[in-house]
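Everything below concerns the one structure shown next.
Number of protein chains: 2
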Amino acid sequence: MKMFNKVVIIGTGLIGGSLGLVLKQKGLAGQVIGLSRHLKNARLAKQAGAIDQVGTSLEVVEDADLIILATPVNVIISMASQIAKRIKKDCLVIDVGSSKELIVAGLTRLLPNFLGCHPLAGSEKKGIINSTGNIFKDSVCIITPTVKTKIQTLSKIKMLWKKIGAQVVLLSAKEHDKALAFTSHLPHVLAFSLISSIPEGYLSLSSSGLKDTTRIAGSDAQLWSEIFLSNRVNLLATLRIFQKQLAILKFALKNKNKPQLIRLLLLANAQRNKL
Amino acid sequence: MKMFNKVVIIGTGLIGGSLGLVLKQKGLAGQVIGLSRHLKNARLAKQAGAIDQVGTSLEVVEDADLIILATPVNVIISMASQIAKRIKKDCLVIDVGSSKELIVAGLTRLLPNFLGCHPLAGSEKKGIINSTGNIFKDSVCIITPTVKTKIQTLSKIKMLWKKIGAQVVLLSAKEHDKALAFTSHLPHVLAFSLISSIPEGYLSLSSSGLKDTTRIAGSDAQLWSEIFLSNRVNLLATLRIFQKQLAILKFALKNKNKPQLIRLLLLANAQRNKL
Chain A
532 MKMFNKVVII GTGLIGGSLG LVLKQKGLAG QVIGLSRHLK NARLAKQAGA IDQVGTSLEV
592 VEDADLIILA TPVNVIISMA SQIAKRIKKD CLVIDVGSSK ELIVAGLTRL LPNFLGCHPL
652 AGSEKKGIIN STGNIFKDSV CIITPTVKTK IQTLSKIKML WKKIGAQVVL LSAKEHDKAL
712 AFTSHLPHVL AFSLISSIPE GYLSLSSSGL KDTTRIAGSD AQLWSEIFLS NRVNLLATLR
772 IFQKQLAILK FALKNKNKPQ LIRLLLLANA QRNKL
Chain B
532 MKMFNKVVII GTGLIGGSLG LVLKQKGLAG QVIGLSRHLK NARLAKQAGA IDQVGTSLEV
592 VEDADLIILA TPVNVIISMA SQIAKRIKKD CLVIDVGSSK ELIVAGLTRL LPNFLGCHPL
652 AGSEKKGIIN STGNIFKDSV CIITPTVKTK IQTLSKIKML WKKIGAQVVL LSAKEHDKAL
712 AFTSHLPHVL AFSLISSIPE GYLSLSSSGL KDTTRIAGSD AQLWSEIFLS NRVNLLATLR
772 IFQKQLAILK FALKNKNKPQ LIRLLLLANA QRNKL
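Going down the list, the sequences are from chains A and B.
For the first sequence, counting from 1, position 104 maps to 635 in this note's numbering; every step adds exactly one.
For the second sequence, counting from 1, position 202 maps to 733 in this note's numbering; every step adds exactly one.
Here you go:
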């Protein structure tokens with residue numbers, strides 16, 4: 532079932548490392564090389580069996596068949612320009628960043644066989660040590676082709692994600708960023724703001740409700756600042772919509788309007804049931 | 532280890548039913564009677580082994596040693612006036628409502644041996660069928676005595692919760708409601724508002740982040756409308772604080788102020804780690 536002779540994963544954190552693990556487990560790659568700005572992370576990935584070898588310089592990309600860019604959003608863009616001139620003509624390149632418009636616009640220009648991907652997997656915890664094996668099984672992976680994407684690139688990458696266990700959804704980068712602003716970036720902004728609103732002395736007087744609503748407030752600050760900034764306009768728009776929704780509930784509460792409160796909560800119940 | 536001969540639980544849902552289960556499992560009650568406005572719920576509680584007998588009228592409270600009021604907040608208050616003239620002089624009465632000031636003020640006047648309790652347990656799911664046995668084990672139970680609370684009442688109820696596995700925290704009803712507005716009622720308002728903000732078509736493009744942040748948006752609409760209204764002033768105050776916090780993050784995002792964004796997210800990380 533080998534799909535690629537040599538795969539290079541740049542960024543061997545939770546997502547990059549977990550991809551390496553699954554590629555190796557499923558025998559989809561002849562060889563997996565891991566590169567990281569932090570040598571320690573790449574070494575941990577090797578120890579975890581996620582990569583065969585720790586790469587020591589970008590030269591390792593030269594004979595790669597697939598390159599997976601799994602670094603923070605801003606690093607993906609700068610990394611692409613560094614690998615563009617080194618790679619083989621037919622080398623496929625994918626990224627796994629959480630926002631897509633900036634990345635797809637930048638990388639499509641630089642790399643003829645690039646395809647933007649966003650596996651909706653992962654957690655608030657960083658690093659390969661937090662991988663539980665195949666975190667992609669039964670997950671959704673959004674793929675964002677452009678008019679320039681070659682059919683062969685698209686079909687091979689689609690097959691890759693399917694073999695890994697993900698359900699593939701195709702969206703434009705623009706539509707992806709609009710959707711994810713709502714379903715991922717907004718919940719993160721709210722979780723960060725919620726936990727910061729609570730007086731420290733009250734934290735012990737909480738139960739699973741607060742724990743679950745703020746789990747993702749443990750997410751990496753640097754990584755998420757980059758994601759927020761890279762999807763800034765959409766995120767600001769979703770924040771306005773959320774604030775309107777909150778104002779409606781607040782208005783009902785202020786006015787002791789119980790029938791309206793119940794109606795709003797029932798609508799929320801129904802929407803939550805669709806998740 | 533029997534602490535009470537006859538216990539009557541009014542409201543045999545998730546909390547009331549689970550209390551019955553644990554009282555019986557631990558042999559803390561000679562007999563447990565369950566009463567519910569919905570006969571079906573009481574019957575389910577009997578089937579689940581949470582009560583020995585389904586009560587058919589309020590007369591069952593007449594020789595009770597402990598009465599547990601486990602109905603929605605507004606029903607607790609009306610129920611108290613109905614039982615006040617029927618119970619024995621030394622019968623202990625506790626409630627398990629999510630807000631305390633209104634309940635404690637009302638019930639202290641009516642019932643000489645009343646003590647307000649709030650076990651921080653439960654879930655967004657209703658009914659005894661969603662009980663996983665001892666949901667109180669390793670939970671926190673807040674008890675809200677007043678100057679009128681008798682020492683014997685307080686020590687017996689403290690012992691009850693400890694035997695059930697909960698860690699007991701004493702607070703005034705006022706302080707309870709201030710704290711829970713932050714740690715429970717605010718997260719619920721945000722979860723309801725968040726899920727309602729998301730266009731339906733995007734719901735499938737989500738992962739565990741949205742699921743966890745909105746789990747409690749599945750909570751019962753009637754029950755939570757009552758809780759919000761019963762703690763309205765505190766909840767509106769916490770909402771203002773949350774909105775300020777959100778505005779700070781939004782301002783940093785609007786101004787592409789990355790150092791400030793990172794700083795805010797790091798503070799949130801640190802606060803989340805204390806949970």
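Beta carbons are placed, not taken as given, at the ideal position from N, Cα and C, and that holds for glycine.
In chain order, what residues of the same chain have a beta carbon less than 8 Å from the beta carbon of residue i, not counting five sequence neighbours either side?
i               : result
R746 of chain B : E655, A722
A615 of chain A : L641, L642
A579 of chain A : G548, L552, I659, I660, S662
L766 of chain B : A712, H716, L717, V720, F759
K557 of chain B : M532, K694, I695
Q562 of chain A : N536, K537, V538, D583, Q584
T543 of chain B : G551, G565, L566, S567, N572, A573, L575, A576, A581, I582, A601, I659
I need the straight-line Cα distance from residue i to residue j, nearest angstrom please.
i               : j               : result
K533 of chain B : T602 of chain B : 25 Å
N605 of chain B : L552 of chain B : 25 Å
L797 of chain A : E757 of chain B : 13 Å
K668 of chain B : I695 of chain B : 7 Å
C672 of chain B : V635 of chain B : 16 Å
L734 of chain B : G740 of chain B : 12 Å
K555 of chain A : N800 of chain A : 42 Å
S686 of chain B : C622 of chain B : 14 Å
Q791 of chain B : K775 of chain B : 15 Å
K705 of chain A : L633 of chain A : 9 Å
H707 of chain B : V627 of chain B : 13 Å
I541 of chain A : T684 of chain A : 19 Å
S609 of chain B : K620 of chain B : 20 Å
P676 of chain A : S703 of chain A : 6 Å
E593 of chain A : L736 of chain B : 35 Å
F782 of chain A : W755 of chain B : 16 Å
S738 of chain B : I599 of chain A : 21 Å
K742 of chain B : L570 of chain B : 33 Å
Does residue i have its Cβ less than 8 Å from a Cβ in chain D?
i               : result
K693 of chain A : No chain D appears in this structure, whose protein chains are A and B.
Specify the secondary structure class of residue i as computed by DSSP and reduced to three states.
i               : result
A652 of chain A : coil
A752 of chain B : helix
I582 of chain A : coil
D594 of chain B : helix
I729 of chain A : coil
G628 of chain A : coil
T663 of chain B : coil
V678 of chain B : coil
A560 of chain A : strand
L545 of chain B : helix
K537 of chain B : strand
I673 of chain B : strand
I599 of chain A : strand
Below 8 Å on the Cβ atoms is my guess for residue i versus residue j; work out the distance and round it to an integer in Å.
i               : j               : result
I564 of chain A : D583 of chain A : 7 Å
I625 of chain B : C648 of chain B : 5 Å
L711 of chain B : S630 of chain B : 7 Å
L760 of chain B : K787 of chain A : 6 Å
L545 of chain A : K693 of chain A : That belief does not hold up - the Cβ atoms of L545 of chain A and K693 of chain A are roughly 21 Å apart, past 8 Å.
R763 of chain B : L784 of chain A : 6 Å
L646 of chain B : L559 of chain B : So it is not a contact: roughly 16 Å between Cβ atoms.
K689 of chain B : V678 of chain B : In fact, because the Cβ distance is near 17 Å, the residues do not count as touching under 8 Å.
A576 of chain A : K537 of chain A : Actually they do not touch by this definition, with Cβ atoms about 16 Å apart.
E731 of chain A : K789 of chain B : So it is not a contact: roughly 26 Å between Cβ atoms.
Q613 of chain A : L597 of chain A : Not a contact, Cβ separation roughly 17 Å.
T769 of chain B : S728 of chain A : 7 Å
I779 of chain A : Q753 of chain B : Going by Cβ atoms, the distance from I779 of chain A to Q753 of chain B rounds to 19 Å, so no, they are not a contact pair.
A697 of chain A : P650 of chain A : 6 Å
Buried or exposed: where does residue i fall if 16 or more other Cβ atoms within 10 Å of its Cβ makes it buried?
i               : result
R803 of chain A : buried
S724 of chain A : buried
I682 of chain A : exposed
L701 of chain A : exposed
F773 of chain B : buried
L795 of chain B : buried
Leaving out five residues on either side along the sequence, give the residues of the same chain with a beta carbon under 6 Å from the beta carbon of residue i.
i               : result
D751 of chain B : K657
G586 of chain A : I564, L566
D652 of chain A : Residue 652 of chain A is actually Ala in this sequence, not Asp. Excluding residues within five positions, the ones whose Cβ falls inside 6 Å are I666, F667, S670.
A748 of chain A : A722, F723, I726
L638 of chain B : A611, F645
Enumerate in chain order the residues of its own chain whose CB-to-CB distance from residue i is below 7 Å, with the five nearest sequence positions on each side excluded.
i               : result
T744 of chain A : A722, L725
V591 of chain B : V539, I564, L566
T680 of chain B : L646
K818 of chain B : Because residue 818 of chain B is not part of the residues shown, which for chain B are 532 to 806, the question remains open.
G664 of chain A : L552
Any chance the CB of residue i is under 7 Å from a heavy atom of the ligand GTP?
i               : result
K805 of chain B : Ligands in the displayed structure: none, and consequently the ligand GTP is not present.
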